[in-house]
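Here the structure comes first, spelled out in structure tokens, and everything after it is commentary.
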Amino acid sequence: MILNCYQKGKVNWHPLVVLALVASTVLFAGLYVGERAGLYERSISVADNQGNTRQEYNWRLVTSWPKNFPGLGMGPEKFAAMVDEMSAGRLQVHVYGAGELVPALGVLDAVSTGSVEMGHSGAYYHKGKIPASPFFSAIPFGMNVLEHNAWIYYGGGLELWREIYEPLNVIPFPGGNTGIQMAGWFNKEINSIEDYRGLKMRIPGIAGEVFSRAGGTAVNIPGGELYTSMQTGVIDATEWVGPYNDRSFGLNEVGEHYYTPAWHEPEAMLEFIVNETAWNSLPEDLQAIVRVAADAVNADMLAEYTARNAQALRDLRASGIEPKSLPNEVLDELKRHALDYYEEETARNEDFARIYQQYREFQTMTYEWLQISEKAMYDYRGVLKSTE
Ligand code: CA
Numbered sequence: 118m119i120l121n122c123y124q125k126g127k128v129n130w131h132p133l134v135v136l137a138l139v140a141s142t143v144l145f146a147g148l149y150v151g152e153r154a155g156l157y158e159r160s161i162s163v164a165d166n167q168g169n170t171r172q173e174y175n176w177r178l179v180t181s182w183p184k185n186f187p188g189l190g191m192g193p194e195k196f197a198a199m200v201d202e203m204s205a206g207r208l209q210v211h212v213y214g215a216g217e218l219v220p221a222l223g224v225l226d227a228v229s230t231g232s233v234e235m236g237h238s239g240a241y242y243h244k245g246k247i248p249a250s251p252f253f254s255a256i257p258f259g260m261n262v263l264e265h266n267a268w269i270y271y272g273g274g275l276e277l278w279r280e281i282y283e284p285l286n287v288i289p290f291p292g293g294n295t296g297i298q299m300a301g302w303f304n305k306e307i308n309s310i311e312d313y314r315g316l317k318m319r320i321p322g323i324a325g326e327v328f329s330r331a332g333g334t335a336v337n338i339p340g341g342e343l344y345t346s347m348q349t350g351v352i353d354a355t356e357w358v359g360p361y362n363d364r365s366f367g368l369n370e371v372g373e374h375y376y377t378p379a380w381h382e383p384e385a386m387l388e389f390i391v392n393e394t395a396w397n398s399l400p401e402d403l404q405a406i407v408r409v410a411a412d413a414v415n416a417d418m419l420a421e422y423t424a425r426n427a428q429a430l431r432d433l434r435a436s437g438i439e440p441k442s443l444p445n446e447v448l449d450e451l452k453r454h455a456l457d458y459y460e461e462e463t464a465r466n467e468d469f470a471r472i473y474q475q476y477r478e479f480q481t482m483t484y485e486w487l488q489i490s491e492k493a494m495y496d497y498r499g500v501l502k503s504t505e
């Protein structure tokens with residue numbers, strides 16, 4: 118009967134066909150709207166060969182990095198592989214590079230609205246929306262990676278982080294660390310703070326604010342555009358990460374002078390963020406798997422960066438690039454501007470004030486310890502060769 122409705126080129130709409138068309142339109146529109154609004158629960162019941170059913174979850178994870186970018190971009194890929202293995206496929210996480218579903222800096226919004234379940238990014242990218250967020254990735258002259266991990270896991274940092282993300286319906290987890298970075302690539306030598314005047318540099322976040330106060334012009338350009346921007350003179354200087362990642366973008370080919378130390382990023386903690394509604398839909402064992410996999414990535418990435426930066430530095434030196442040190446006079450001036458900024462932001466924002474005080478107290482305490490332990494040994498030790 119239904120097949121007969123197309124006879125003689127004349128469409129006779131059978132009531133069942135109309136009903137089916139209307140039903141499928143409503144269904145697809147509903148799924149589309151539901152998905153856009155984050156209401157579509159991405160889980161299905163699946164029967165195994167013993168006839169038992171199990172719930173499977175398919176999550177999407179958006180990132181701020183190019184797909185499979187060394188270090189940063191491999192963190193979420195490793196996370197997804199670990200979760201898949203530990204959950205025997207019950208939770209599958211599909212990773213999207215920057216721009217595939219949302220732009221590099223649109224990760225927080227996508228997770229907050231629930232249009233995706235997860236993201237991998239850096240807290241300081243959300244400074245415009247959450248002024249205190251940089252404390253959870255990196256701030257100029259802030260903690261190093263040992264101190265930051267200690268603060269996050271055992272100093273109350275994670276609780277503060279969760280608290281300031283709570284209104285956005287987002288739960289953060291530590292998600293990797295680059296360790297200490299480099300001050301960046303410059304097309305001129307920096308001998309005094311005067312050399313910063315008129316300099317155009319890619320340096321985002323609070324560091325950009327500090328750099329501007331020192332007389333430069335700070336811009337934020339995505340990593341993928343740095344090579345061309347330096348090559349064509351759109352910018353005079355750029356920071357990215359360290360030898361390993363800087364070389365991935367070929368910055369050693371377009372930057373003349375490579376400077377240390379990374380006053381602006383003494384480390385950079387990354388984050389996994391999960392939509393709270395999606396999190397609550399997971400059974401407890403899958404929640405534990407997500408937590409443990411995030412912690413594993415947090416530890417793994419630092420080890421990888423330390424090893425690969427060291428190797429890349431050797432390679433850069435072999436090609437004739439010798440890093441230079443920013444003079445103390447320049448660092449003093451930058452630190453003065455950073456402290457001014459923290460005071461001003463303290464007066465403007467209650468969360469910033471509260472977290473800054475706590476962060477600073479913890480940093481002071483860990484500094485006292487590391488000064489007489491790590492630093493003392495490191496300064497004396499050198500390498501395993503006998504002293505002359
Ligand atoms: Ca950086």
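With the numbering used here applied, the sequence shown covers 118 to 505.
In this text, a Cβ means the ideal position worked out from N, Cα and C, and glycines have one as well.
These figures come from a predicted structure and were not determined experimentally.
Return helix, strand or coil for N392, following the three-state DSSP convention.
-> Residue numbering aside, residue 392 sits at position 275 when the sequence shown is read from its first letter. Of the three classes helix, strand and coil, the one that applies to N392 here is strand, per DSSP.
Any non-hydrogen atom of ligand 1 within 7 Å of V79 CB = The first residue shown for the chain is 118 and the last is 505, placing residue 79 beyond what the model contains.
Apart from the five residues just before and just after L487, which ones in its own chain have a Cβ nearer than 6 Å to its Cβ?
-> For the purposes of this step, residue 487 is taken as residue 370 along the sequence shown, with counting starting at 1. Cβ neighbours of L487 beyond the five flanking positions: none.
Roughly how many whole angstroms lie between the Cα atoms of T180 and F186?
-> For the purposes of this step, residue 180 is taken as the residue at position 63 of the sequence shown. For the purposes of this step, residue 186 is taken as the residue at position 69 of the sequence shown. Roughly 11 Å separates the two Cα atoms.
Are the Cβ atoms of M199 and V391 separated by less than 8 Å?
-> Residue mapping note: residue 199 aligns to position 82 of the sequence shown, counting from 1. Residue mapping note: residue 391 aligns to position 274 of the sequence shown, counting from 1. Going by C-beta atoms, M199 is not nearer than 8 Å to V391.
Bridge partners - L178, DSSP secondary structure assignment = Within the sequence shown, the letter at position 61 stands for residue 178. Partner(s): V212 and M235.
Can G293 and N426 be called in contact, C-beta distance under 8 Å?
-> Residue 293 sits at position 176 when you count from the first residue of the sequence shown. Residue 426 sits at position 309 when you count from the first residue of the sequence shown. Their beta carbons are not under 8 Å apart, which means G293 does not touch N426 by this criterion.
Can you name, in chain order, every residue of its own chain whose Cβ lies under 8 Å from the Cβ of P400, other than the five neighbours on each side?
-> Taking the sequence shown and counting its residues from 1, the one referred to as residue 400 is at position 283. Cβ neighbours of P400 beyond the five flanking positions: Q172.
Please determine, among E462, Q209 and N397, the residue with the shortest C-alpha to C-alpha distance to A410.
-> As a position in the sequence shown, residue 410 is number 293, starting the count at 1. Restricting attention to E462, Q209 and N397, the CA atom closest to the CA of A410 is found in Q209.
Should A385 be counted as a contact of ligand 1 given a C-beta to heavy atom distance under 7 Å?
-> One-based indexing of the sequence shown puts residue 385 at position 268. Between ligand 1 and A385, a heavy atom-to-CB distance of less than 7 Å is present.
Rounded separation between I161 and L448 - CA only = The sequence position of residue 161 within the sequence shown is 44, counting from 1. The sequence position of residue 448 within the sequence shown is 331, counting from 1. Those two C-alpha atoms are separated by around 56 Å.
Those residues which DSSP pairs with N294 across a bridge | On the sequence shown, position 177 is the one that residue 294 refers to. For N294, which the question treats as bridged, DSSP gives the partners M386.
Would you report the Cα separation of F145 and S232, rounded to the nearest angstrom?
-> Your numbering for residue 145 matches position 28 in the sequence shown. Your numbering for residue 232 matches position 115 in the sequence shown. The pLDDT assigned to F145 is 48, lower than 50, so where the model puts this residue is not dependable, and the model offers no usable value.
Could you check which residue in L403, Q480 and E462 has the C-alpha nearest to that of G273?
-> Translated into the one-based positions of the sequence shown, residue 273 becomes position 156. If we check each option's Cα against that of G273, Q480 comes out closest.
DSSP state of P400, grouped into three classes?
-> Here residue 400 corresponds to residue number 283 of the sequence shown, with the count starting at 1. Three-state result, P400: coil.
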